[in-house]
Every structure is written in C-alpha cells, then in structure tokens.
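Chains as they are written, first to last, in my numbering: chain A, 1495 to 1657; chain B, 17 to 776; chain C, 8 to 129.
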Amino acid sequence: MSAYNNKFVVPVIDSLKNLFNKTLSLEVNERLPYIMTNDDATASSFDIISIIGLSGEVRGSVILGFKREVAMKVSSKYWQKEMVEFDEDVFDTVGELVNIIAGNAKQGIESYRIYISLPTVFQGSEIKATTLSRTNKDIPTIMIPFTSDVGDMHVILSYKFET
Amino acid sequence: MEQANAGQTPSLSSLSYKNIENTYVFNFARFYLYLYLGWEIFNLVTLFLEVNLIQLKAFFVNIYVSEYWIDILDIFPNLNASLLEQGFFYALVGLKLIFLLLFLVLFVWQFADFDFDEERARKKKINVGYIFSVITFDAFSEKGHPFFLFTNFLVSVIFLSLMSFILRFSFYTLDVGHYESMAVLVAFPLISNFLVSSRRSIILNVIIFLTFTAVFWDKDYLLNTDFKTAIKIVYAVIFISTYFYVYFKRINLDRVLEKYKETGISLMQTSRDLSIMQDQTQRIMENIDDGITLLDENFNFLETHSRKLKEILETEDDFKGKNLFTLLKKRLNLPDKTIEYVKRYFDLVVRKDVPESMIAKANPLEKVEVSIEVFDEERRVSKTKKKWLYFSFNSIESDEGKPQILVHISDRTNEENLRLRIKEEEEKQNIEIKMISELLHGDPANVNSFFNEINEEISNFNSKLKGSSDYHSTLKEIYISIHSFKGRASVLKLNQIVTFMHDLEESFNQVIYKPKIELSDTLNLVYLIGELKNKIDGYLVIGNKIGIVKVAKTDLSVKGKGGAREEVGGADSTEAEVQTYSLKNLNYLIDQTIKQAKPDHIINFSSDVSIDEATFVSLSDDKKKSLADIIIQLIKNSFAHGFNGANLQNNSNPKVVINFKKNGTSNLFDYQDNGGGVDPEKIKNILLTKKLVSSDKVLSEEDIANYIFLEGVSTQENKDIDSGQGIGMSLIKSKVEKELKGKLKLDSSPGRYFKLSFTF
Amino acid sequence: MEKILIVDDSKLMRKLIRGMVDEIPFLHSCELFEVEDGEKADELLGKEKIDLILLDWNMPKINGLEIAKKINSNAYENRPVIVMITSEAAKYNIIEALESGVNHYLVKPIVKKDLMEILKKI
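Shown next, in the form of structure tokens:
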C-alpha cells in the first residue's frame, strides 16, 4: 500500500476557511483530522450532509456534514434572516457551500485535472457518512472537524489519485 | 555581444529610420535631391553630347566662380588670378563629379538594394538604402553623427545650385554674377531652415554669417552698395526666420511629445530620443531584477532579454530562437498538462477581445513552483533546486502586425519562503499568547505539578511502548493516563492541551478497539504523543519564562518514579511541589473541578468534603496524586450522568459527599451523590449494542458494577470533551486497583444515589 | 444595458447575486430575469433580447459552459455579455471558459465590489 496522498486535504481546509471568513466573517478552526477506520466506534452523525463527487484525475467525494442547528445558523447568516424552518433554503445553502469548497479547492491542486459534480444534499437524522472506504479499503475516509462560534461541522474527504 | 543584442530590440530599432524616413523633412530633402540630380545629369549629358568643352568649362565656372569670387581675387593681387581660377575650376569640377557620381551610385543602389524589411536589412549589414537613410536623416537630426558636416554641406551645395538654376531662368537678363549671388541669398534661408533641425547648424549659420560679414564689411569696391545692403537684410531675415522656425518647431515638438506621452509611447520623435530609449532599455535590461524577454509569434525567444533571466533560470545558454514550451518542460520540469494550458492561454493572450484583467486571472503560470536542475560546483553533483516563479504575459504587436509576447518572470522564492515563515511565526506567537493567558489563569502550584507530572508521564509512555509486546494493553494504559491528564488540564483550563488531548484520545479510540493493531497505527499514535510532548515543552518553556512552571532540569525519562521530584532544582520549586500535595491544594482542586463541571443551570448544588488531613498527609505522593485523580473523575461523572436530564428534575438538592479517613490500619474512601445512579436497563442496552451480552441475560447488581468499569461503556449518548468516552469508570477502577492496591465497592440505586467506596 | 439574466441552480446564489445587482446604482433601470438551469436559460435567451448574462457553470441539464458556447456561436438574436460566476477556481477552468466565449469570470464566493468592477467596464 502506497503512502497516502494528502495533497487535496490542505486546499479543502483552506477553501473552507476562506469561504467562511470571506463571506460570513465567521472564524472556523480545523481540529486534528482523523482517519475513519471503524465507523461504529467513531463516526460522527449528522442531520444534514451535502456531497460533491470528484472525477477526472482525482476520484472520490467531498462531504460537508452539519447538525441541524449549525446548518440553520450558517444558513441564517447567509440569507441575512433568521431561518425558522429546516427547509429547501437551508438544503440549498449547504449544497452551495460544498460546491464552493470543492470548486475553490481545485485552485490549490492545479496540476491535476478535476471535475466536480453537482452537489447532492441529504437530510435525516443520524446520518453517517462512510464513502469510498466501504468498498475500497485502500481509500481512507478522512474526517476533518471544524469548530466555530455557531457550532461544529465536519468535512469528510475520501479520494484517490488516478495516475 | 549580449549588450549589443539587448540594445537592438527589433521592435525598437524598426522605429528608428522607418519612422523618421516618413517625416516631412526627410521627404522634402529627398525630393530636392532627386530633382537636382536629374537636372545635373541632364546638363552633363547634353553638354557631353555637344562635346563643347568650352561651354562645359563655362558651365562650372558660371555656377561656382561667379563675379564676386573673381572680385575677391583682386584683394590679393599677388595671387595669379588665372592660376587660382584654374585651380578652383579643377577642384570644383572634381568635387562636383565626385558628388554626382556618389549621388548617382546611391540613387541607383538605393532602388536596387533597398530592403524594406528591417530584419533582413540588418542582416545584410551594409545596406545602401539604410546608409542613405541614415546619412540624410542625420543631416536633420540633433544626433551627432561624424558625417554631420559633410552631409549638411552636401545639402547646402544642392540648394545653391538649385536656386541658381531657377534664378537663371527667372532673371535671364541679369548678368551671371548677380544671379549667382542672388542664388545664395535666396537659397540660404531655406537651407538654414533645414539645417536648424540640428542645433549645431545654428552654429554653422553663425560662422557663415560672421565670415560673410567680415569679408564684405566696408569693402565698397568689392560689391556695390545695394548688394551689400541686400545681403545684410537677407541675413537678418535668416536669423529672424531661423528664430521663429526653431521657436515654432519647439512648440510643435513639445506638443507631439506630449501626445506621445499621453499614449504612453513618448521618446519616439527623434533618433536622439530613440537612442536614449535604446540606452535606457539596455540599462533596464541589464539591471532590472526580473526576467524580461520577448517571444515571437511562434513563442520562440527573441534576442532581447534582461540579464537576470539567465540567473532565474540558472542557465548560461543563449535563449535566442529557443521555444518557450521546451524551456518550461526541460528546464523548469513543468508537467505536460500545465504546458498544454499555457499554450491555450497564449491563444487567449494574443486575442484582442479578451479583457486584460481576464488575461491576468487566467494565467496558469501566475505563481508556480518549479524545480530546476543545477550543477553544484563544489560537490560536483547536480541537484534539484525549487523555486517559486511568478510569470506574466502581455501581448504586443510588432511593426509587421505580428503578435509578440512580452514575458515577465520574477523569482519570488525568498518572499514565498518568508511568507510561510511569517505565517508559522504568527501561529506560534498566537499559541504562545494563548499559552501565557492559560498559564496565568490556573493556580500556579497545580499548574506546576501538572506540567512536571505530564512531562514525566510522557517519558513513561515511551518506555512503556518500548518494552511492550501487547499493543492493546499498553495503548489502553496510555489512553487511560491521557484521559486522566485531560481531566486535570481541563480543571486548570489549559484549553489547548485539553483540545489536543481530546483529539489524541479520539485517535487512540480508533486504534485500541481494533481487533488487530497494526504497527502503522501505533506509529501514528507515537507521532501524536510526540506532538503532545512538543506542546507540553512549549508550555514549559513559556511557563518557565514567566516564572509559573519550574521545570526539573534533569532528563525525567532516566529517573525512577518519584526520583525527579527530589531533584527539582532550586528551593522554590521544592516548596511548590510539596505544596501541591497539601490538603489545601486538594480542596482547591475539588472546588475547581466542581466549578468547571457544573452546568450553569444547576444552582443549588452543595458538596460535603471531609478529608482527614493527617491521613492524607501520611500517603505517598503517588497515592495522593491517584486519589486526587479519582476524586476529579468521580465529580465529573456525577455531573455528566447523575445530575443530568431527568435525573436532575427529580432532584431539588444535588449534592456530593466525599469522605476520607483512617479505618484501622487501612484508609477508607467514600464517595456518594444523590443523582440518578446507574440504570441497569441502560447499561444492558449498551452492552447489547456492543454485543457484549446476549439479550436474555439478567444482569445482577454485581454484573453492572463490573460492566460499568469496562472501557468504552458509557451511558452518555453525546460524547463531549468531558465525558462519554466510556473511560471514566475504567480509569477509576485501574487507579484504585493498580495504583492504590485497593478494593472497590459500588452501591447504586437507580434514580436515588450512586455510591462508591474503597479501602486501601 | 436593458435586460439582465441570472442563471444559477442555487436559490441562495440567485438571491445573493440579485441583491448585489440591485445595489448597483447604474443598473437600477434594468429588467432582471432569473432561471435555475441551463435549459431554461436557453429558452429565455431565445425569447428575450438579453444584454448581460450572469452564468453559473455547474448546473443541471445544460451547464453554463454550453450556454456560453451557444451564445458565442450567435445562436441567439442578441449576443449578451457573459459573466461567469462559479466556484470553479482552477486556472484551466478560466482558460476553458474564456475559450468558450465567456467575457468575464468571477470565482465564488463573490463580493459586491468584484461584480461592480466588472459591470462598470461593460
């Protein structure tokens, strides 16, 4: 097994922080990323997640996971009004967030040609994201927790380089 | 060689004579030149056809040796007039023939050889068209050319002849001497007007004027008065017109220059300006700190480039004619994909409809890290050098309308490295500030002992790992220890350490429950422990600086347990250490733990702590420490489980009671809260989900007592930084049994109380 | 500038962009259209004489790049100025967009200042 290629992790962290700083003036700090190896022992569960697929020279997905309250608070900041319903508008926002994070992250890894899909948003309770590592043991799923004033969020990365 | 190349930027040199060639003055001069040439040739041909040597002689003499020249001869009666005349004659004939021949050759050669492609013309080196242009052009320029006087004289002669020719037809009745003289008078203002293009020609005019005046002054017998007056008037007119000409020309020039400045291309008016520009360009290219060069339409390098370019690209080779893409690939080792995008990008650069801001935005080489192979002279090996290069490209148009690309490369390696270092420094500084504020917040004695102990403990981790064959149990031991230190750090509000240790716990969590632990897993954990050590060291250094933490100077890892404590340097530190294990400190620790663990909505909480001082003091330091850890953990558990949710609603007076006293030869510890106790159903559910028991098993109280001490069993659904890891009870169990060699007793009634006691 | 079309599949983005356009004084008299995918944009471009299109890249059905290409091939009566507003930040994306006839390119998250600067130039 070759060493894990973490080239994509830093651009993702940077673009998330930039997004929140620039548009919401919200300081987010990353915590130690960890590799999800045994989902029932460690997986955080979410109320809403948005997924964007990566294809081209990097294959995999970027997932953004929130608890309901955090998603609502973040959306409220975006829409500049208090969101009362956990509705389409919140889902739309969470989808757009992952879209921008993945799209901007491409900037930090210019030498690879990456295509991103349209974002998909799931809403429910106790959603656990495990991604590619379920089927392909070589591809680890990396959880990156972020803390902020409005609550915690997770970026879940799972990708491999096609070379 | 390189300098010469640099000076002759094609796009610049092409401006030189071509631009000026098209100017009014130049064409005017040329027109007269050709006219005169034609006339002289016509004259000569007709004369030679008639083979009339006398007329031929008269022709030349008529023109050049006019009456007043002969008058001049009279001033010097000693001279042999006819000899002088003959000498004049032959000299003039010879001179005139030479001029004629020269003009003829130039005239024919110009059309035969003139090359309008300046690239090719330059390659031919001796291009008559070029030389012709330069000579004629220089006659009107301020640029001092060695041929200056010669060419000016040439032009003067032409005009004199021309005017005499015109006058001969106009005043045919006048005698020869007069119209020749008149020619001078009429032609001279014109000549001087052409000559004033050059400042030096004013000097020439002055010299001629003074000579004439000196010669003609008061020599009534030389010329008649009218003629003299005419000359004076004419020269006055010459000067006035010269003055105005220069004046207006200046104004014009200024206006033109201004216009050029506005459009950003000043310095194109005269060749002097041009030479200044070439000069400046050359100097810029020599001294500028960036790489600058031009590419032709096929993206090959043109001759011009700044000296720095070679330095940036670490090469001595000549660039001229080389392809940019080859350079990007071979020299800078950029991947093919990037190069392909650069190619596509250039198509955009030369397109006219793409806005410049977009060109800048789309630049794939805006900021690029390259690796260049360089040869290390000292070690005689080649190595790869990493550089950060910023490229920018601008499209400019050559005179033929072909696109050229101006390339600007700057080496930002140092800035980039500096930026990274500053970022690192800033982060470090931020952390340090946080550390200081955290250190200042805590109780100094406790902070001190915490750091000294965790430092020692981390060294123990290493020795534990070193000697371990059973990863599971060793890692669990470390895990438990980390958890207990996390608890203490959280009491001391060392938030950064708490966060880090929490993350560390998470990482442990992922490993220790694996059925088989790989070496790679432990490597990651060891690395993280190293990080923790670094963090602690950071605190120690800062704490030491601000006098809060007194570090044991000796290496803790080589000492046995407790050894370090006696060797702490300095009396102050010893005092602090002893103080840590006083009862006062334990009470402080308990207060802090309650303050920190108690949620804000619990208001009427009370605690009853009775610890027998004599008994506590009689314990060894290790045991004191273990006991303190156990108490902290128990209090946290009470708040996390006993006084939460429904348990709290049924409880109006949450309370904990802590008792520690001597009981015969052993010590007795009692802990009790009036919280929710342990719910057997909950425990069973967890055990079921963890597949630790089968669903039909009935759990006795004893079973429950056993199970809640298992690691990973927690009734808390949402784990947070303080609880829910399922480690608290197992930590207590291990501390009591291993460190205190005591025996645990658990008593709990669901919804009423939780009691734990042990003797040791 | 008469008619402006905003194409983005995200309601949030459409709202944000509309908010920014509304705040630009010299665009007050403009008529604003909003659609949420490429197909509807295509339809509208066929019907209306759009002068400026603010176009997302990644959209369902027909993506923004295809719309740009179609506009560039003069498929519609009017050739609007194309401003692409997308999260795609890679240089090769910008190159590709410019090749397809996009006139200006903005990377999300956008701020009013950036948009205003570009619109001023048009």
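All C-beta atoms, glycine included, are put in the ideal place defined by N, C-alpha and C.
What three-state label does DSSP hand residue i in the structure shown?
i: H518/B; result: helix
i: R1525/A; result: coil
i: E382/B; result: coil
i: V202/B; result: For V202/B, the pLDDT reaches just 48, beneath the cut-off of 50, and the residue's location in the model is therefore unreliable, although a value from the coordinates is still provided. V202/B falls in the helix class under three-state DSSP.
i: L572/B; result: Confidence at L572/B is low in this model, with a pLDDT of 34, below 50, so the placement of that residue is unreliable and no value is reported for it.
i: P1505/A; result: helix
i: E1655/A; result: Looking at the sequence provided, one finds Phe at residue 1655/A rather than Glu. Strand at F1655/A.
i: K614/B; result: coil
i: M66/C; result: coil
i: G280/B; result: Unreliable positioning characterises G280/B in this predicted model, as indicated by a pLDDT of 39, which lies under 50. A coordinate reading is not provided.
i: Y83/C; result: coil
i: N316/B; result: strand
Does any C-beta atom of chain A lie closer than 7 Å to the C-beta of residue i?
i: M20/C; result: yes
i: L491/B; result: no
i: S622/B; result: no
i: A48/C; result: no
i: E522/B; result: yes
i: N65/C; result: yes
Here's the rule: buried if 16 or more other CB atoms are within 10 angstroms of the residue's CB, otherwise exposed. What is residue i?
i: N1500/A; result: exposed
i: N669/B; result: exposed
i: F33/C; result: exposed
i: E1582/A; result: exposed
i: T400/B; result: exposed
i: E454/B; result: buried
i: V42/C; result: buried
i: Q1574/A; result: exposed
i: S6/B; result: For residue 6/B there is no data in the structure shown, the boundaries of chain B being 17 and 776.
i: Q1519/A; result: Per the sequence shown, residue 1519/A should be read as Ser rather than Gln. The residue is exposed, with fewer than 16 neighbouring Cβ atoms inside 10 Å.
i: Y555/B; result: buried
i: D537/B; result: buried
i: R299/B; result: exposed
i: G1554/A; result: buried
i: N653/B; result: buried
i: F391/B; result: exposed
Please name the residue or residues paired with residue i in a DSSP beta bridge.
i: N683/B; result: K678/B
i: V390/B; result: K399/B
i: P419/B; result: E413/B
i: I89/C; result: I60/C
i: W1573/A; result: Beta-bridge pairing links W1573/A to no other residue.
i: S484/B; result: For S484/B, which the question treats as bridged, DSSP gives no partner whatsoever.
i: Q688/B; result: V673/B, K771/B
Closer than 7 Å, CB to CB, is residue i near chain B or not?
i: L105/C; result: yes
i: P1505/A; result: no
i: R1525/A; result: yes
i: K98/C; result: yes
i: Y1528/A; result: yes
With a threshold of 7 Å between beta-carbons, can residue i be considered close to chain C, or not?
i: V358/B; result: no
i: Y406/B; result: no
i: K368/B; result: no
i: K1575/A; result: no
i: A378/B; result: yes
i: E1590/A; result: yes
Does the Cβ-Cβ distance between residue i and residue j come in under 7 Å?
i: I494/B; j: F477/B; result: yes
i: A75/C; j: K1600/A; result: no
i: V365/B; j: S398/B; result: no
i: E1620/A; j: E1551/A; result: no
i: V625/B; j: I674/B; result: yes
i: I328/B; j: I388/B; result: no
i: K780/B; j: F655/B; result: Missing from the structure shown is residue 780/B; chain B here goes from 17 to 776 and no further.
i: G658/B; j: D695/B; result: no
i: E46/C; j: K68/C; result: yes
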